[in-house]
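Everything on this sheet refers to the single structure shown next.
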Amino acid sequence: MADRAAYVSTADARIAADMIAVATDISGRITSKPVSSGDAVKAGDVLYTIDDREAVFALEEYEADAARLEAEIAREEARIGLASSKAGSEVAARRAGAQSATASVEAAKSDYETAEREYERTQGLFNRGLVPQSALDQAKNAMDTAAQAVRRAEADRETAVADQRTASIQGQEVSLIEHDLAVLRAALEQAEARVEAQKVVVEHHTIRSPIDGVVDELFYDLGEHSLRGFRMALLHDPDAVWVSANIKETDIRNVAIGADVRVHADSEPGKRITGEVTRIHDATMAEAAMMPNPNANGVFTKITQRITVRIDVDPAGVRLRPGTMVRVRIKKQKPGEGAAA
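So, in structure tokens, the structure goes:
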């Protein structure tokens with residue numbers, strides 16, 4: 000009686016754990032299954048592999064596309080460097096040629112003006128009988144020669160200006176190459192994005208454990224066809240188990256957060272297991288059920304309801320398997336202590 004006065008006891012309790020269901024978004028044939036039910040695994044260990052040949056082929060194709068675009072970009076970058084250098088030197092040379100031709104025109108015009116003045120002076124002397132006809136003819140020939148030199152210089156200048164204009168137009172090739180480069184770089188970004196996305200697809204063909212834990216169940220065998228979205232394995236962390244105890248509603252007032260608990264596991268007889276109440280649910284099991292049991296016949300029978308309590312335990316030295324039954328003894332709160340939260 001003293002024990003019942005000091006403790007709330009129940010055998011309606013079991014070991015609980017977060018059961019991790021591993022699924023896949025890939026459908027395909029199982030090609031390897033390196034673990035078995037009950038095996039301990041580390042986070043990242045392989046549970047299954049799914050045939051990934053098509054995914055790998057697609058990845059190689061995307062990588063080849065990206066490599067081709069990189070090669071085209073490298074070629075265009077070399078081309079733009081050569082075109083820029085050539086265009087710059089060509090424009091500079093043609094500009095210098097045009098400037099030189101303009102200077103030649105000015106010099107030829109100056110020579111012509113000098114020859115014209117000399118001819119006019121000689122003609123005046125000839126009219127006064129001071130120089131012979133031969134001197135006048137010589138001055139006339141010199142003026143005509145200077146006029147021809149002006150015409151040649153002007154023609155050369157027009158050619159030089161046209162060459163300069165042509166060189167400037169050819170320099171626009173750099174702008175065209177830059178546009179092509181921009182298009183290629185955008186295509187490369189898309190190709191690299193496809194590569195990264197396909198790498199994820201390939202990786203998804205390898206099903207790995209998300210936690211350090213124990214494999215509870217494997218749902219596919221070697222050679223079977225996995226289905227997208229269906230679970231493939233079930234795992235739990237044996238170091239993160241607790242006790243889920245169902246306490247009568249008539250006793251729940253004597254249970255408080257932080258209360259000490261003694262746990263007796265049917266699977267570990269004689270082992271001393273202690274714990275602590277860490278959570279008291281706010282609703283009964285009946286209310287929390289996914290499909291409550293309605294009173295269809297209209298006859299009411301009062302049944303004592305139960306409220307779930309979570310008890311955290313230290314699993315060191317014992318192996319507590321989820322689902323196994325235990326008995327718990329929860330130390331009652333003393334009179335005057337606050338109600339359970």
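Residue numbering for the sequence shown follows numbering that gives the first Met the number 0, starting at 0 and increasing by one per position.
Just so you know, even glycine gets a beta-carbon here, dropped at the ideal spot from N, CA and C.
| said: Am I right that A146 and Y111 are in contact with their C-beta atoms under 8 Å? What's the rounded C-beta distance? | reply: 6 Å
Discussion item. Would you call the region 210 to 230 in contact with the region 24 to 40, where contact means no fewer than 3 C-beta pairs closer than 8 Å?
Written reply: yes
Any idea if Q98 is buried or exposed, counting beta-carbon neighbours within 10 angstroms, 16 or more meaning buried? exposed
Original post:
From what residue to what residue does the beta strand (DSSP E) around I256 run?
Top reply: Here I256 belongs to no beta strand (DSSP E), and DSSP marks it neither H nor E.
If you drop the 5 nearest sequence neighbours on each side, which residues of the same chain put their C-beta closer than 8 Å to that of V254? V7, I246, V276, I279, V308, I329, K331, Q332 and A339
Closest by CA to K108, which one among R150, L58, V242 and G212?
R150
ask   = With a cut-off of 8 Å, do at least 3 Cβ pairs link the region 14 to 24 to the region 228 to 238?
value = yes
### M289 classed as buried or exposed, judged by whether at least 16 other C-beta atoms fall within 10 angstroms
Because the pLDDT at M289 is just 49, under 50, the model does not fix this residue reliably, and the value given afterwards should be weighed accordingly. It counts as exposed.
Same chain, Cβ closer than 6 Å to E71, neighbours up to 5 away in sequence not counted = L183
> Which of the three DSSP states, helix, strand or coil, is assigned to R320?
Replying inline: coil
Review point. Quick one, are the C-beta atoms of A5 and R326 less than 8 Å apart?
Key: no
Inset, instruction - Name the one or two DSSP bridge partners that R353 has. - result: Residue coverage of the chain in this structure runs from 0 to 340, which leaves residue 353 outside it and unanswerable.
Does the region 59 to 70 come close enough to the region 41 to 50 to have 3 or more Cβ pairs within less than 8 Å? no
Check: Who are the near neighbours of R400 in its chain, counting only those whose CB is closer than 6 Å to its CB and skipping five residues on each side?
Finding: A query on residue 400 cannot be resolved here, the shown segment of the chain reaching from 0 to 340 and no further.
Let me check one thing: in DSSP terms, what residues is A216 bridge-paired to?
Reading off the sequence shown, one finds Glu at residue 216, where the question assumed Ala. According to DSSP, E216 bridges with L233.
Is I79 helix, strand or coil when you go by DSSP? helix
Quick one: grab the DSSP three-state call for E248.
coil
Buried or exposed: I302, going by 16 or more other Cβ atoms within 10 Å of its Cβ?
-> exposed
inquiry  = Here's the rule: buried if 16 or more other CB atoms are within 10 angstroms of the residue's CB, otherwise exposed. What is M231?
reply    = buried
Do S36 and D281 have their C-beta atoms closer together than 8 Å? no
- request: Determine the extent of the beta strand (DSSP E) in which I19 is found, giving its start and end residues.
  value: I19 to A22
Report task. Name the one or two DSSP bridge partners that H224 has. Result -> R28
If you draw a straight line from the C-alpha of E62 to the C-alpha of A190, how long is it? 8 Å
**Item:** Bounding residues of the beta strand (DSSP E) (the contiguous stretch that carries S8)
**Value:** Y6 to A16
- N- and C-terminal bounds of the beta strand (DSSP E) containing R207: T205 to R207
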